[in-house]
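In the working numbering, the protein residues as written are 18 to 261.
See below:
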């Protein structure tokens, strides 16, 4: 991991640099505030150890400016002041932690490791949530006023849950997942009713009629479930002119 060390005292940067490299980190040292801001802005770092009192641009302003530029690298502030208000301001500006000089190099490394662990855990949690949300969106199909949630096994019309029988749900879901395709009655019988020997093509027509009563504004002038004479049915949202 690459760490930026920023302090105007050479003795401090030398001490930190020695212990961080010994712990296996790659380091970059900067002694000027404005140079530190530009370096952090233009290079990638896994962590920044940042003194508050710096020439040309102080640590507080650097933290604030980096966060405004969406640079979210973890930052630990070093301060010679033991005043609570400075620590609070640093955290409010976006710093992740602070240490008061003088400090133990061993404690500094422990703080850095702890902050990096928390940042890594938060990143993983964020990625899991993002992937979960994306997966959920992939399971939702919206057609006109209908919303089909495959993972929840629900179909809504204008935010109202449709009261469907099991076969009505399976039939409508099959249609929604195949918009614009003409599907013949035999295919629907095989897919929805399977090996039910009592099922006949008339069963499909009856269920389509029931669905139209539940999803169409005018069942005799369907906008969703269209009859294709001589072939079967097609699910395609074609709203009437007066409903657009």
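Note that beta-carbon positions come from the ideal geometry of N, C-alpha and C, so glycine has one too. As the structure is a prediction and not an experimental result, all values here were calculated from the model.
* To do: Return yes when the Cβ of residue 48 is within less than 8 Å of the Cβ of residue 75, no when it is not.
  => no
* Contacts around residue 239, its chain only, beta-carbon distance under 6 Å, and the 5 residues preceding and following it disregarded -> 229, 233
* Asked: Do you know offhand how far residue 51's Cα is from residue 162's?
  -> 56 Å
* **Residue range of the unbroken alpha helix (DSSP H) whose run includes residue 80** => 76–85
* How would you label residue 221, buried or exposed, when you count the other beta carbons within 10 angstroms and need 16 or more for buried? -> buried
* Of all the options 28, 67, 205, which has the alpha carbon lying nearest to the alpha carbon of residue 20? -> 67
* Reference residue 250, options 205, 257, 231, closest by Cα -> 205
* Asked: Is the beta carbon of residue 62 sitting closer than 8 Å to the one on residue 81?
  -> no
* Which term fits residue 223, buried or exposed, when burial requires 16 or more other beta carbons within 10 angstroms of its beta carbon? -> exposed
* Asked: Residue range of the alpha helix (DSSP H) that residue 54 falls in?
  -> 50–59
* Asked: What's the C-alpha gap between residue 177 and residue 188?
  -> 19 Å
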